[in-house]
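> Going left to right, the sequence shown walks through residues -24 to -1, 1 to 147 as mature numbering (1 follows the signal peptide of the UniProt record, and there is no 0) numbers them. Below is a structure I'd like to ask you about.
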Amino acid sequence: MKKTFLRLALAWLLMFSAATPALCQLVPGTSAPDFKLRNLQGKLVRLSDYAGRPAVLLIGTTWCPGCRVQMAELERSRRFLDDNRIVVLEVFIQESPGAVQKYLKNKKLPRNFEALIDDGQVHRSYRVYPIPRVLVLDGSRRIVEDTLGVDAAGLTAALRPLLDQPSGKGQ
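Following this line, the structure appears as C-alpha coordinates:
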(Lines of atoms letter the chains of each structure in order from A and count residues from 1; the text may use other names and numbers.)
(Lines give C-alpha, C1' and ligand atoms only; values in the text may rest on other atoms or scores of the structure.)
Protein backbone atom coordinates (compact mmCIF):
# COMPACT_ATOMS: atom_id res chain seq x y z
CA MET A 1 0.00 0.00 0.00
CA LYS A 2 2.77 2.41 0.96
CA LYS A 3 4.71 1.69 -2.28
CA THR A 4 1.57 2.18 -4.37
CA PHE A 5 0.90 5.52 -2.70
CA LEU A 6 4.50 6.65 -3.30
CA ARG A 7 4.33 5.62 -6.96
CA LEU A 8 1.07 7.49 -7.44
CA ALA A 9 2.42 10.55 -5.66
CA LEU A 10 5.57 10.52 -7.81
CA ALA A 11 3.54 10.08 -11.01
CA TRP A 12 1.26 12.97 -10.02
CA LEU A 13 4.25 15.17 -9.21
CA LEU A 14 5.89 14.44 -12.55
CA MET A 15 2.68 15.14 -14.47
CA PHE A 16 2.02 18.36 -12.59
CA SER A 17 5.58 19.68 -12.95
CA ALA A 18 5.53 19.01 -16.70
CA ALA A 19 2.22 20.83 -17.10
CA THR A 20 3.10 23.83 -14.95
CA PRO A 21 4.78 25.95 -17.68
CA ALA A 22 1.79 25.56 -20.01
CA LEU A 23 -0.65 26.45 -17.23
CA CYS A 24 1.30 29.61 -16.42
CA GLN A 25 1.68 30.93 -19.94
CA LEU A 26 -0.71 33.52 -21.34
CA VAL A 27 -2.56 32.84 -24.59
CA PRO A 28 -1.04 34.32 -27.76
CA GLY A 29 -3.40 36.83 -29.37
CA THR A 30 -4.82 38.04 -26.06
CA SER A 31 -4.04 41.44 -24.59
CA ALA A 32 -1.21 41.64 -22.10
CA PRO A 33 -2.47 42.84 -18.71
CA ASP A 34 -1.56 46.48 -18.14
CA PHE A 35 0.44 47.36 -15.06
CA LYS A 36 1.86 50.37 -13.27
CA LEU A 37 5.30 49.86 -11.68
CA ARG A 38 8.16 52.08 -10.56
CA ASN A 39 11.40 52.22 -12.49
CA LEU A 40 14.80 52.56 -10.82
CA GLN A 41 14.38 56.35 -10.64
CA GLY A 42 11.04 55.99 -8.84
CA LYS A 43 8.92 57.07 -11.83
CA LEU A 44 5.63 55.22 -12.41
CA VAL A 45 5.64 53.37 -15.72
CA ARG A 46 2.68 51.64 -17.37
CA LEU A 47 2.87 48.96 -20.02
CA SER A 48 0.29 50.99 -21.96
CA ASP A 49 2.78 53.91 -22.11
CA TYR A 50 4.52 51.93 -24.86
CA ALA A 51 1.49 51.20 -27.06
CA GLY A 52 2.17 51.42 -30.78
CA ARG A 53 5.57 49.77 -30.61
CA PRO A 54 6.60 46.13 -30.38
CA ALA A 55 7.95 45.27 -26.96
CA VAL A 56 9.76 42.56 -25.08
CA LEU A 57 8.65 41.97 -21.52
CA LEU A 58 11.14 40.05 -19.39
CA ILE A 59 10.13 38.88 -15.93
CA GLY A 60 12.68 37.52 -13.49
CA THR A 61 15.12 38.25 -10.68
CA THR A 62 18.77 39.18 -10.20
CA TRP A 63 19.64 35.88 -8.52
CA CYS A 64 18.04 33.38 -10.93
CA PRO A 65 20.63 31.50 -13.07
CA GLY A 66 18.21 31.25 -16.01
CA CYS A 67 17.53 34.98 -15.78
CA ARG A 68 21.26 35.68 -16.08
CA VAL A 69 21.41 33.53 -19.21
CA GLN A 70 18.38 35.41 -20.57
CA MET A 71 20.13 38.73 -19.89
CA ALA A 72 23.15 37.54 -21.91
CA GLU A 73 20.82 36.70 -24.82
CA LEU A 74 19.24 40.15 -24.52
CA GLU A 75 22.70 41.72 -24.72
CA ARG A 76 23.40 39.65 -27.85
CA SER A 77 20.16 41.04 -29.37
CA ARG A 78 20.99 44.64 -28.50
CA ARG A 79 21.89 45.85 -31.99
CA PHE A 80 18.68 44.45 -33.54
CA LEU A 81 16.61 45.88 -30.68
CA ASP A 82 18.25 49.31 -31.00
CA ASP A 83 18.10 49.43 -34.81
CA ASN A 84 14.38 48.67 -34.70
CA ARG A 85 13.55 50.76 -31.62
CA ILE A 86 12.10 47.78 -29.77
CA VAL A 87 11.03 48.54 -26.21
CA VAL A 88 12.43 46.18 -23.56
CA LEU A 89 10.82 46.20 -20.13
CA GLU A 90 12.42 43.98 -17.52
CA VAL A 91 10.30 43.39 -14.46
CA PHE A 92 12.26 42.33 -11.39
CA ILE A 93 10.11 40.40 -8.92
CA GLN A 94 10.40 41.62 -5.33
CA GLU A 95 13.88 43.08 -5.70
CA SER A 96 15.25 46.30 -4.27
CA PRO A 97 16.20 49.07 -6.69
CA GLY A 98 19.75 48.92 -5.29
CA ALA A 99 20.12 45.21 -6.04
CA VAL A 100 18.81 45.73 -9.57
CA GLN A 101 21.13 48.71 -10.20
CA LYS A 102 24.09 46.65 -9.04
CA TYR A 103 23.04 43.73 -11.27
CA LEU A 104 22.64 45.96 -14.34
CA LYS A 105 25.77 48.06 -13.73
CA ASN A 106 28.05 46.55 -16.41
CA LYS A 107 25.40 45.21 -18.78
CA LYS A 108 25.20 46.35 -22.40
CA LEU A 109 21.51 47.17 -22.46
CA PRO A 110 19.36 48.27 -25.39
CA ARG A 111 18.63 52.01 -25.59
CA ASN A 112 14.89 51.48 -25.01
CA PHE A 113 15.41 49.38 -21.86
CA GLU A 114 13.51 50.05 -18.67
CA ALA A 115 14.03 48.15 -15.40
CA LEU A 116 10.90 47.96 -13.25
CA ILE A 117 10.36 46.77 -9.69
CA ASP A 118 7.38 44.48 -9.13
CA ASP A 119 5.63 44.45 -5.78
CA GLY A 120 3.72 41.31 -6.80
CA GLN A 121 1.26 42.90 -9.24
CA VAL A 122 2.89 41.49 -12.41
CA HIS A 123 3.77 38.24 -10.66
CA ARG A 124 0.07 37.62 -10.04
CA SER A 125 -1.52 39.01 -13.21
CA TYR A 126 0.98 37.27 -15.51
CA ARG A 127 0.90 34.03 -13.46
CA VAL A 128 4.68 34.02 -13.12
CA TYR A 129 5.93 30.92 -11.39
CA PRO A 130 8.82 29.55 -13.42
CA ILE A 131 11.31 32.24 -14.44
CA PRO A 132 12.64 33.77 -16.60
CA ARG A 133 9.51 34.65 -18.54
CA VAL A 134 9.82 36.33 -21.91
CA LEU A 135 6.79 37.83 -23.62
CA VAL A 136 6.89 39.36 -27.08
CA LEU A 137 4.12 41.93 -27.57
CA ASP A 138 2.93 43.62 -30.75
CA GLY A 139 2.19 47.36 -30.95
CA SER A 140 -1.37 46.76 -29.75
CA ARG A 141 -0.08 45.00 -26.61
CA ARG A 142 -1.28 41.60 -27.84
CA ILE A 143 0.84 38.64 -26.80
CA VAL A 144 2.73 37.16 -29.74
CA GLU A 145 4.86 34.77 -27.71
CA ASP A 146 5.07 33.76 -24.05
CA THR A 147 7.98 31.51 -23.23
CA LEU A 148 10.32 30.48 -20.44
CA GLY A 149 13.39 32.00 -22.07
CA VAL A 150 14.54 32.53 -25.63
CA ASP A 151 17.91 32.87 -27.33
CA ALA A 152 18.93 35.92 -29.39
CA ALA A 153 17.99 34.28 -32.71
CA GLY A 154 14.57 33.22 -31.40
CA LEU A 155 13.88 36.69 -30.03
CA THR A 156 14.80 38.30 -33.35
CA ALA A 157 12.66 35.79 -35.25
CA ALA A 158 9.63 36.52 -33.03
CA LEU A 159 10.03 40.30 -33.41
CA ARG A 160 10.87 40.60 -37.11
CA PRO A 161 7.28 40.03 -38.42
CA LEU A 162 6.02 42.76 -36.08
CA LEU A 163 8.20 45.36 -37.79
CA ASP A 164 6.10 45.07 -40.96
CA GLN A 165 2.90 45.95 -39.12
CA PRO A 166 1.71 49.60 -39.38
CA SER A 167 2.66 50.26 -35.75
CA GLY A 168 5.87 48.21 -36.03
CA LYS A 169 8.64 50.76 -35.52
CA GLY A 170 6.72 53.26 -33.44
CA GLN A 171 7.59 56.91 -33.09
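Beta carbons: idealized from backbone N, C-alpha and C, even for Gly. Source: prediction; values computed, not measured.
Is the Cβ-Cβ distance between Val126 and Pro30 less than 9 Å?
No, the pair does not count as a contact, with Cβ atoms beyond the cut-off.
> Would you decide whether Tyr102 is buried or exposed? Buried here means 16 or more other CB atoms lie within 10 Å of its CB.
Buried is the call here.
> Could you check if Phe89 is buried or exposed, using at least 16 other CB atoms within 10 Å of its CB as the buried criterion?
Per the 10 Å Cβ criterion, buried.
> Determine the DSSP secondary structure at Phe11, reduced to helix, strand or coil.
It is coil, neither helix nor strand.
> What did DSSP end up calling Lys132 once you bin it into helix, strand or coil?
Residue identity differs from the one stated: residue 132 is Thr in this sequence, not Lys. Thr132 falls in the helix class under three-state DSSP.
> Can you tell me where the alpha helix (DSSP H) holding residue 148 begins and where it ends?
Because the chain in this structure spans residues -24 to 147, residue 148 falls outside the shown range and cannot be described.
> Going by C-alpha to C-alpha distance, which of Gln17, Gly28, Leu33 and Leu20 sits closest to Pro9?
For Pro9, the nearest C-alpha among the options comes from Leu33.
> Less than 6 Å between C-beta atoms, sequence neighbours within five positions excluded: which residues of the same chain meet that for Glu49?
Asp127 and Ala128.
> Secondary structure at Leu92, three-state DSSP: helix, strand or coil?
In the structure shown, Leu92 sits in a strand (DSSP, three-state: E or B).
> Express the C-alpha separation of Leu65 and Glu121 in angstroms, rounding to a whole number.
Cα to Cα, the separation comes out at about 15 Å.
> On the DSSP letters alone, give me the boundaries of the alpha helix (DSSP H) that Leu80 sits inside.
Where Leu80 is concerned, the enclosing alpha helix (DSSP H) stretches over Pro73 to Leu80.
> Hey, could you find the ends of the alpha helix (DSSP H) Arg22 is sitting in?
No alpha helix (DSSP H) holds Arg22; the beta strand (DSSP E) holding it covers Leu20 to Arg22.
> Apart from the five residues on each side of it in sequence, which residues of its chain come closer than 6 Å, Cβ to Cβ, to Leu23?
Excluding positions up to five away in sequence, the list reads Asp10 and Phe11.
> Just the Cα atoms here: how many angstroms apart are Tyr105 and Asp114?
If you take the alpha carbons of Tyr105 and Asp114, they lie about 23 Å apart.
> Pick out whichever of Asp58, Leu124 and Ile69 has its Cα sitting closest to the Cα of Asp95.
Minimum Cα distance to Asp95 is reached at Ile69.
> Give me the Cα-Cα distance between Gly36 and Gly5, rounded to the nearest whole angstrom.
If you take the alpha carbons of Gly36 and Gly5, they lie about 23 Å apart.
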